[in-house]
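Numbering (our numbering), first residue to last: 739 to 1095. From the three backbone atoms N, C-alpha and C, an ideal C-beta is built for every residue, glycine too. The block underneath contains the structure these notes are about, expressed in structure tokens.
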Amino acid sequence: MSKLLLFSFLLLLPWQLLAVEKLRIFTWAGYVTAEDITQVNEILEKKGYNYQVEVIATKAEDADQMFSVIRNKECDITFLTLFFIKMHGEQISRLLQPIDINSPRLSNYKNLDPELTQISMGMQSGKPLYIPWGGGIYGFFVNANKVKQQDIPTSVKDLWSSKWRNKFSLNQGQFWYNVGLTLQALDFHPFYLEQLAQKNNRSKLKELLSEHGVVLSKFKKLYNNAGGFWQSSTKFSEDLEIVSSWGPEIKSQNDKGAKWQLIDFEEGHMAWLDTINFIRGLKDEKLEAAEIVANYFINKKVQQRIVDELSMLPAAVNLESRGLLDDYPNLFSADLFVPPYSQLSYSLMQQLVEQVE
């Protein structure tokens, strides 16, 4: 090798010969596209960061599974559901680090709905452990091609009537939503059991959940009245006139010519919010790169995709359309966000389900 070639080779070392480091993203299916990965990696390269993102093969499923993946240090950036952060004694929150919302690399943060940026269950010592991304509701949608407008129910209590017996569906896996419906039908707050658990009011819990208590009886009637159950995604059949859904399946059905519309229950809708989070230990250039990645996912284009392709509720407000939020601005009502259930209330709800099945 000539001296000139050797000199040129050495000049390349600082920026061309170093191995590119990975920023590993742990997320739900469909949240991060191949186009997203390409674009955010181009941004990182253009800004001179020696990092590239990759989505890990494991897809998010539930709080315990996400905790396990994070604890095993398999990721750097996550898309946690908000109430997961402080579930089971705040086990996940201990593995996250606060977000510097004033970072110059989070320029899109100012476009997020301010009502979503300071939710208490995602805060630690006054600082957020999350960046709002997008969410949805446990919604019930009626087939307007089969049900006349004047016959559409207005209250969750209608689900117990004989008129709708075997004509609506429920999610089976995330049973706490169905417990919440039951409590609403009894004129309680949907998270009343958790509120009692937080006060350690075991006598009241025992009274409500006893074999002859009002909650168990009401809960059994709801399950008996349902015409179908689903696990991961809504199932449609000719017999169902009302389906419960997280949202995405509704859009795909309506795109095929169906006419499913949200029932705006007077009690409101239990909501969930998925968020962007940084794993504890990110610092220096790696933290800066993570902030750039997060900023990309709250930009206008990605947030509009949440609405148009995922039928979700976006966290950003600077969009042409915010989906259902345009017609129902109170869907993200603060007191209806699913809370981080304590082990006590969670186990009690599990016992309710076991007595029904």
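Check whether the Cβ atoms of residue i and residue j lie closer than 8 Å to each other.
i	j	result
Y1034	I781	yes
F817	W871	yes
L954	A1009	no
P1077	E853	no
A1053	Q1041	yes
L1048	G877	no
I830	M804	yes
Y930	D1002	no
L1051	H1007	no
Q991	W998	yes
Looking at C-alpha atoms only, which residue of the options is the closest neighbour of residue i?
i	options	result
A882	S1085, A996, E1023, L1051	A996
E1004	H927, D814, K884	H927
F906	K865, F879, A935	F879
V793	Y787, F805, N779, D800	N779
S806	N788, K784, L833, L820	L833
D800	F913, W898, K942	F913
A1028	D1064, L1063, D1012, I775	I775
I875	L1082, G1061, Y1084	G1061
T819	N1037, I1014, S1083, K865	I1014
S970	L943, N909, K937, K884	N909
Helix, strand or coil for residue i per DSSP?
i	result
S900	helix
P891	coil
A795	coil
Q862	strand
N810	coil
S746	Any reading at S746 must be qualified, since the residue scores a pLDDT of 48, below 50, and its modelled position is unreliable; no value is offered.
R843	coil
K741	In this prediction, K741 has a pLDDT of 49, which is less than 50 and means its spatial position is unreliable; nothing more can be read from the coordinates.
G966	strand
I1044	helix
### Message
Quick test of the definition: if touching needs 3 or more C-beta pairs under 8 Å, does the stretch 801-821 touch the stretch 843-851?
### Response
no
Check your understanding: Which runs of the alpha helix (DSSP H), 4 residues or longer, sit entirely within the stretch 983-1027?
Key -> 986-993
Report yes or no: do the stretch 819-838 and the stretch 856-872 share at least 3 C-beta pairs separated by less than 8 Å? yes
| Are there three or more Cβ pairs, one per stretch, closer than 8 Å when the stretch 917-932 is compared with the stretch 971-981? | no
query: If we count Cβ pairs, one from each stretch, closer than 8 Å, do we get three or more for the stretch 1023-1037 versus the stretch 853-865?
result: no
Segments assigned alpha helix (DSSP H), at least 4 residues, entirely inside the stretch 915-939: 930-936
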